Amino acid sequence: TLRRGGLEDLQPGDDVKVRFAEGPKGLVVAEIELGLV
Numbered sequence: 035t036l037r038r039g040g041l042e043d044l045q046p047g048d049d050v051k052v053r054f055a056e057g058p059k060g061l062v063v064a065e066i067e068l069g070l071v
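Everything in the sequence shown is counted per the numbering used here, starting at 35 for the first residue and increasing by one.
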């Protein structure tokens, strides 16, 4: 999911924004982006 969102270089401590959606087996990530604080 991170690679598909273009976040291959994510480092420990980096903030991300994640939007979830209900999938056939429960919650799934619908959108993920780098969180700029």
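Using N, Cα and C, we set each Cβ at its ideal position, and we do this for glycine too.
Computed from a predicted model, the values in this text were never measured in an experiment.
| Query | Result |
| --- | --- |
| Under the three-state DSSP convention, the category Glu42 falls into | coil |
| Beta carbon proximity, Asp49 to chain C, threshold 7 Å | The question asks about chain C, but that chain is absent: this structure has only one protein chain. |
| Paired residues, beta bridge with Lys59 - DSSP | Answer by DSSP bridge pairing: none, since Lys59 is not bridged. |
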